[in-house]
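Residue numbers (the working numbering): 9 to 131. A virtual CB, placed ideally from N, CA and C, is assigned to each residue, including glycine. Read the structure below first, then the notes.
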């Protein structure tokens with residue numbers, strides 16, 4: 009099992025990684041961040057993506073969908089933003105956020121690696 013710091017460091021080894029965060033979407037607070045740029049403030053991204061996750065969870069409830077959200081993908085011109093909701097009972101209310109350079113990233117591999125990181129994460 010890996011702690012938050014080790015998991016975020018591992019996320020930064022994913023091809024094209026720009027920044028990563030572990031976020032509590034009940035509060036919008038980042039529990040840990042790594043990377044980022046002058047144009048990508050991870051604390052702002054954590055708070056903003058909390059709204060995205062809450063909206064999607066609420067929409068699924070309204071639709072009566074009884075499924076778990078695996079991840080949410082936001083595609084920009086030069087970046088991918090990947091939000092992976094943690095599914096274990098002890099991690100309820102948390103998500104991993106990963107920003108990727110679209111020109112250097114392999115989205116399928118990034119999703120696979122982020123799932124592996126989630127499975128090893130112990131908060």
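Neighbourhood of residue 154 by C-beta distance below 8 Å, restricted to the same chain and skipping five residues each side
The question about residue 154 has no answer here: the residues shown for the chain are numbered 9 through 131.
Suppose contacts are defined by Cβ-Cβ distances below 9 Å. Is residue 84 in contact with residue 94 by that definition?
Not a contact, by the Cβ cut-off of 9 Å.
Which partner residues does residue 2 have in the DSSP bridge list?
Residue 2 lies beyond the stretch modelled for the chain, which goes from 9 to 131, so this question has no answer here.
So which of 121, 119, 75 and 89 has the shortest CA-CA distance to residue 56?
Residue 56 has its Cα closest to that of 89, out of 121, 119, 75 and 89.
Count the C-beta pairs between the region 36-53 and the region 68-84 that are closer than 8 Å, then say yes if the count reaches three, no if not.
These segments do not touch.
Mapping DSSP to helix, strand and coil, what is residue 74?
If DSSP states are grouped into helix, strand and coil, residue 74 belongs with coil.
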